[in-house]
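Protein chains in written order, with our numbering: chain A, 10 to 325; chain B, 10 to 325.
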């Protein structure tokens with residue numbers, strides 16, 4: 010039996026205002042999201058595995074300095090990078106997750122490595138980096154992860170903080186990339202990767218590697234990758250709660266995902282959004298923020314990308 | 010309005026066989042569990058807060074070398090200690106969690122510190138240790154955490170591993186302590202603390218600090234602290250799934266908790282158990298293992314402790 014396959018990706022949510030955008034930047038974001046969709050679609054259209062699809066899609070976002078993960082990861086308060094990532098598949102609920110790493114070019118591949126090779130599912134930074142080295146994953150020097158726009162954002166944030174203020178732009182404070190897929194066999198997978206929050210306290214672990222909060226997959230219900238104010242996503246076990254509503258209340262993916270994002274998160278300081286897919290290939294991408302870089306591609310090969318909440322689909 | 014208050018604690022689950030026990034050891038375990046109950050009860054009977062109660066109860070278990078947390082924490086494969094802990098309260102879902110720490114005498118107090126002082130909820134080891142030092146929490150030298158029985162267990166496990174075997178005693182592989190409470194105001198809280206698994210890979214993070222897996226609290230439903238094969242508890246978001254079944258299916262605490270422990274975990278290699286309390290003070294302590302060191306005390310001041318699954322209540 011062949012399922013309808015589909016893939017959705019996000020590149021972070023936040024206050025994305027049209028007046029602060031340029032046509033050039035919009036084009037670059039749409040192109041970046043589309044590139045990630047293409048990387049995952051190339052796997053799925055060959056009948057490939059959902060895990061491969063989400064990992065390739067997330068790698069494309071990690072390699073793009075526009076997004077807060079991998080190369081474009083934001084800086085911590087002490088000017089370093091600490092990246093979190095997770096991957097989960099929905100057939101056996103296999104999981105790999107890590108927190109606080111810097112060095113591996115693609116943190117999501119480290120999460121994948123943990124999922125594939127370890128009896129454990131979650132590793133701190135030093136152990137994960139050692140596993141990545143031992144496995145021959147690609148590493149990059151510090152300057153690869155140094156982007157001017159992130160460095161500038163750190164300086165701005167530290168300056169505001171010194172003045173006792175906070176940035177009015179939540180997008181500067183958080184951002185994440187992620188992908189969810191349903192493959193032709195109805196297998197679901199989710200992957201999430203992030204640099205965290207600009208000027209975050211060193212050591213802070215967000216929701217991305219917390220299974221059930223920022224990342225979740227179960228073939229019975231859905232695959233979820235979230236982005237936003239991670240602390241609130243952790244408190245509300247956001248990703249798992251969507252699956253729970255589907256299983257226990259019989260809600261559709263769209264109804265369950267909307268409820269969590271608008272009610273549980275939206276009414277409790279949990280700004281952000283998520284991408285979600287169910288085992289029939291239905292996709293949902295709710296947000297309670299002004300925008301979320303996101304896109305979807307289905308079996309028919311139609312690529313659609315979006316920036317603002319009320320955006321028309323952009324078919325690049 | 011005054012609720013019926015109650016407190017339950019556990020000191021780890023596993024293959025606890027009567028033939029390997031001595032009367033002396035049983036007495037020591039019962040006494041250790043009772044001491045923890047007394048520490049929490051002292052808070053609750055004065056009308057104190059559920060968070061204070063679970064933290065004090067867990068500290069008593071951390072200070073007791075019999076249990077795998079704090080002083081009695083097991084050794085990692087490279088002969089060190091890496092402790093995880095979390096605390097969560099059910100009124101505002103405030104959370105504090107940390108992973109991989111060694112030094113603070115009471116890891117649960119570090120989790121509490123994070124909950125009370127940080128806008129973030131989850132910190133890696135270095136950051137958490139620094140926060141603990143800055144806050145003046147009590148630290149101990151390495152020899153405090155060196156117990157002969159744990160060192161011997163590590164040597165045994167490493168020897169078996171070198172021979173290509175595994176210990177047949179899951180209790181040697183995992184163990185955790187935890188407490189849940191409902192206070193006189195109907196506020197719920199949960200706390201969990203662990204040294205992890207004997208000979209675990211350095212850097213491995215278990216379910217204890219993963220909110221929704223090994224620790225969870227929400228006044229609407231329940232507070233949960235789990236112990237067992239943590240990887241499976243993470244995959245099944247065990248603690249949050251109990252709350253979800255109560256909210257969405259209207260199940261009682263006992264029915265929901267039993268279902269997770271016997272079905273979701275028990276049938277998927279997730280040996281272990283948990284202690285749970287709801288906002289009416291009802292307590293449930295299901296396990297799918299041979300035993301779990303555990304105890305409960307309610308408003309009437311009756312202390313009951315247990316070791317084996319089919320144990321009669323021990324009133325020390």
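For glycine and all other residues, C-beta sits at the position ideal for the given N, C-alpha and C.
Give the secondary structure of residue 119(A) by DSSP, where H, G and I count as helix, E and B as strand, and everything else as coil. In the three-state reduction of the DSSP assignment, residue 119(A) falls in the helix class.
Assuming residue 44(B) is part of the alpha helix (DSSP H), what are its boundary residues? 32 to 53
Contacts of residue 258(A) in chain B (Cβ-Cβ under 9 Å): In chain order: 257, 258.
Go ahead and pull the three-state DSSP assignment for residue 25(B). Residue 25(B): coil per DSSP, three-state reduction.
Less than 6 Å between C-beta atoms, sequence neighbours within five positions excluded: which residues of the same chain meet that for residue 147(A)? Result list for residue 147(A): 114, in chain order.
What separation, rounded to the nearest whole angstrom, lies between the Cα atoms of residue 93(B) and residue 36(A)? In this structure, the straight-line span from the alpha carbon of residue 93(B) to that of residue 36(A) is close to 45 Å.
Can you tell me which of the three DSSP states residue 249(A) falls into? helix
For residue 210(A) and residue 186(A), I'd like the C-alpha separation in whole angstroms. 20 Å
Assign residue 89(A) to one of two classes, buried (16 or more other C-beta atoms within 10 Å of its C-beta) or exposed (fewer than that). exposed
With a cut-off of 8 Å, does the C-beta of residue 111(B) fall near any C-beta of chain A? no
Alpha carbon to alpha carbon, how far is residue 100(A) from residue 22(A)? Give it in angstroms, no decimals. 29 Å
Quick one: residues in its chain with C-beta nearer than 7 Å to the C-beta of residue 302(A), no 5 flanking neighbours on either side, listed in chain order? 19, 20, 21, 38, 42, 316
Of all the residues that make up the stretch 116 to 134 of chain B, which are near chain A by a beta-carbon distance shorter than 9 Å? 127, 128, 129, 130, 131, 132, 133, 134
Check whether the Cβ of residue 207(A) sits closer than 7 Å to any heavy atom of the ligand FMN, and report yes or no. Inclusion of the ligand FMN in the displayed structure is not the case, the ligand content being empty and no account of it being possible.
Output needed for residue 323(A): all residues of its chain with C-beta closer than 6 Å, excluding positions within five of it in sequence on either side, in chain order. 39, 314
Measure from the C-beta of residue 102(A) to each C-beta in chain B and report whether the shortest distance is under 8 Å. yes
Check residue 238(B) in the structure and name its three-state DSSP category. It is coil, neither helix nor strand.
Beta carbon of residue 298(A) nearer than 8 Å to that of residue 282(A): yes
Can you tell me where the beta strand (DSSP E) with residue 93(B) in it begins and where it stops? 92 to 98
Check whether the stretch 103 to 112 of chain A and the stretch 121 to 132 of chain A are in contact - that is, three or more C-beta pairs closer than 8 Å. yes
At a Cβ cut of 8 Å, what residues of the stretch 205 to 218 of chain A count as close to chain B, listed as they run along the chain? 209, 210, 211, 212, 213, 214, 215
Where the beta strand (DSSP E) containing residue 110(A) begins and where it ends: 104 to 110
Test: residue 6(A) CB closer than 8 Å to a CB of chain B: Summary: the structure shown does not reach residue 6(A), with chain A confined to residues 10 through 325, and so no result is reported for it.
Going by the DSSP bridge assignment, what does residue 191(B) pair with across the sheet? 15(B), 197(B)
In three-state terms, what does DSSP make of residue 313(A)? strand
Please check the pair residue 14(A) and residue 80(A), which I expect to be a contact at CB under 8 Å, by giving their CB distance rounded to whole angstroms. Their Cβ separation, rounded to whole angstroms, is 28 Å, which puts residue 14(A) and residue 80(A) out of contact at 8 Å.
In or out: residue 26(A) buried (at least 16 other Cβ within 10 Å) or exposed? Counting Cβ neighbours within 10 Å, residue 26(A) comes out exposed, since fewer than 16 surround it.
Nearest to residue 255(B) (by Cα), restricted to the options 244(B), 268(B), 243(B), 60(B): When only C-alpha atoms are compared, the closest one is 268(B).
Pull up the distance between the alpha-carbon of residue 85(B) and that of residue 206(B), whole angstroms please. 7 Å
Within chain A, the residues that residue 220(B) reaches when beta carbons sit closer than 9 Å: The answer, in chain order, is 219, 221, 222, 243, 244, 246.
Using a Cβ-Cβ distance under 8 Å, would residue 175(B) count as near chain A? no
Selection from 62(B), 61(B), 76(B), 128(B) that minimises the alpha carbon distance to residue 212(A): 128(B)
Out of 312(B), 321(B), 320(B), which has the shortest C-alpha to C-alpha gap to residue 50(B)? Closest by C-alpha distance to residue 50(B), out of 312(B), 321(B), 320(B), is 312(B).
Name the DSSP beta bridge partners of residue 330(A), please? Since the displayed chain A opens at 10 and closes at 325, residue 330(A) lies outside it and no answer follows.
Is it buried or exposed, residue 196(A), if we count other Cβ atoms within 10 angstroms and call 16 or more buried? buried
If you reduce the DSSP assignment to three classes, tell me which class residue 294(A) lands in. coil
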